[in-house]
Amino acid sequence: MQKISLVDETFDLNFTLEYKLSIQLSLDGFSFSILDTIQNKVIYLYHQELFEAEPDFLLKRLKAIYEESDLLHLPFKKTRIIVVAPGRTTLVPKEIFEAKRCSEYIQASYYQPEGTCARGVYISSAKYWSVFELSGIINDFLEQKHPGAEFLSDLNVSLPQSLPHKKSLKITVLKKHLILTGYDDMGLTFHNSFFVDGENDMLYFILGSVKNMVNEPETIILDGVINKHATIYHRLRQYFTDVIIEPNPQEVHYSYLFDRLPDSRFVNLFKSFICA
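To convert, count from 1 in the sequence shown and add 1133; that's my numbering.
Now the structure itself:
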């Protein structure tokens, strides 16, 4: 899946002030989607795979995308930018969080290269701050293109607004990473990410994480580069009785064009339209 561009026939460049724009930047690529707030309908989806690790190369690719897309230069009713940064995110309890110390929190957990910045966003359902690292030139580019945009961590949208009574483990499958988040009605119970090379690695880290959790999850929730044909889905069903692939949120409608999406990689992008 190198590139996706799905545009509903009702999309109109003249009405962007009635639209919400959500952008997602992850290790797997750059995506954006548009919600028509009048129809309460998702009418646009774009995704481009990006694998450049070096910020300078990534910036070149992003500039090329923005040069090709006139609509990304237009004003919107609201713009959100979701940063998915496994391995470059740490969690800080709200009781001790201080905004001015975001870089210190990152440095205490990871080596922070020069030219990067740290952002903190509050996750109300978990009562934690998610502090993540972002390349300074990428951060500046996005702020310049979308002044006033709200930056979010993927945890803001991947965690449910109202936590369930069941002990759950949310697994986001990226091309080379897993993001594992455990939670129940008391809040966040586990969060980690792993670099993986194939489905054996996935199973090893998932089962190892479950073994080290205080309580074994009752429900496994999958999203990302995953569908019911994936081997890892069927292997997990051998170990857990309740394994589901998270569907797109039902609080909004979708263009019929989205029926052709092959997996669940855009669930969190769509959830950003409905999260508080």
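The beta-carbon is built from N, C-alpha and C at its ideal position, and this holds for glycine as well.
Quick caveat, the model's predicted, so the values are computed rather than measured.
Query - DSSP beta-bridge partners of H1180 - result: According to DSSP, residue pairing for H1180 in a beta bridge involves I1137, S1164.
Query raised in the report: Are there 16 or more other CB atoms within 10 angstroms of the CB of V1081, so buried, or fewer, so exposed?
Result: As shown, the chain starts at 1134 and ends at 1409. That puts residue 1081 outside it, with no answer to give.
Requested in this report: Flag this pair as yes or no: are the beta carbons of I1215 and L1402 separated by less than 8 angstroms?
Outcome: yes
Report task. Taking only the alpha-carbon atoms, compute the straight-line gap between V1376 and D1334 and give it to the nearest angstrom. Result -> 18 angstroms
Query raised in the report: Where DSSP assigns a beta bridge to Q1157, which residues make up the other side?
Result: S1164, I1215
Report task. Assess, as a yes-or-no matter, whether the region 1225-1234 is touched by the region 1199-1216 under the definition of 3 or more beta carbon pairs within less than 8 angstroms. Result -> Between the region 1199-1216 and the region 1225-1234 there are fewer than three inter-stretch CB-CB distances shorter than 8 angstroms, so the stretches are not counted as touching.
Query - Environment of T1374 [buried if 16+ CB atoms lie within 10 Å] - result: exposed
Query - CB of S1159 within 8 angstroms of CB of Y1179, strictly - result: no
**Report entry** Complete alpha helix (DSSP H) runs within the region 1314-1366 (minimum length 4 residues, chain order)
**Finding:** Complete alpha helix (DSSP H) runs here, min 4: 1332-1345.
Requested in this report: Specify the secondary structure class of E1283 as computed by DSSP and reduced to three states.
Outcome: strand
Query raised in the report: Taking Cβ to Cβ, would you say I1317 is nearer than 8 angstroms to K1344?
Result: Contrary to the premise, residue 1317 reads as Asp rather than Ile in this sequence. It is not a contact, given that the beta carbons lie outside the stated cut-off.
Query raised in the report: In chain order, which beta strand (DSSP E) runs of at least 3 residues are fully inside the region 1219-1264?
Result: Within the region 1219-1264, the complete beta strand (DSSP E) runs of at least 3 residues are 1222-1226, 1249-1256.
Query raised in the report: Would you say L1336 faces chain D, with C-beta separation under 8 angstroms as the test?
Result: In summary, chain D is missing from the structure at hand, where a single protein chain is found.
Query - Distance CB(L1146)-CB(L1205) smaller than 8 angstroms - result: no
Query raised in the report: Is the Cβ-Cβ distance between S1286 and S1263 less than 8 angstroms?
Result: yes
Query raised in the report: By how many angstroms is the C-alpha of S1397 removed from the C-alpha of E1379?
Result: 7 angstroms
Query raised in the report: So which of T1143, E1187, N1325, M1346 has the shortest CA-CA distance to G1248?
Result: Closest option to G1248, Cα to Cα, is E1187.
Query raised in the report: The beta strand (DSSP E) spanning L1302 covers which residue range?
Result: 1301-1306 is the extent of the beta strand (DSSP E) around L1302.
Report task. In angstroms with no decimal places, state the Cα-to-Cα distance between H1091 and L1275. Result -> Past the boundaries of the shown model lies residue 1091; the chain is included only from 1134 to 1409, so the question cannot be answered.
Report task. Using 10 angstroms around the beta-carbon of N1289, count the other beta-carbons present and answer buried if the total reaches 16, otherwise exposed. Result -> buried
Query raised in the report: Any idea if V1225 is buried or exposed, counting beta-carbon neighbours within 10 angstroms, 16 or more meaning buried?
Result: buried
Report task. Take the Cβ of E1349 as the centre, count every other Cβ of all protein chains shown within 10 Å, and call the residue buried at 16 or more, exposed below. Result -> exposed
Report task. Please name the residue, chosen from Q1181, L1195, T1143, that lies closest to F1399 on a Cα-to-Cα basis. Result -> Q1181
Report task. Output the boundary residues of the beta strand (DSSP E) element that contains V1376. Result -> 1376-1378
Query raised in the report: Hey, D1169 and T1143: beta-carbon distance below 8 angstroms or not?
Result: yes
Report task. Report the residue from T1222, K1309, D1189, Q1294 whose alpha carbon sits nearest the alpha carbon of I1271. Result -> Taking each of T1222, K1309, D1189, Q1294 in turn and checking the Cα distance to I1271, the smallest one comes out for D1189.
**Report entry** Host alpha helix (DSSP H) of I1407 (start-end)
**Finding:** Looking at the DSSP string, I1407 is not in any alpha helix (DSSP H), and its letter there is neither H nor E.
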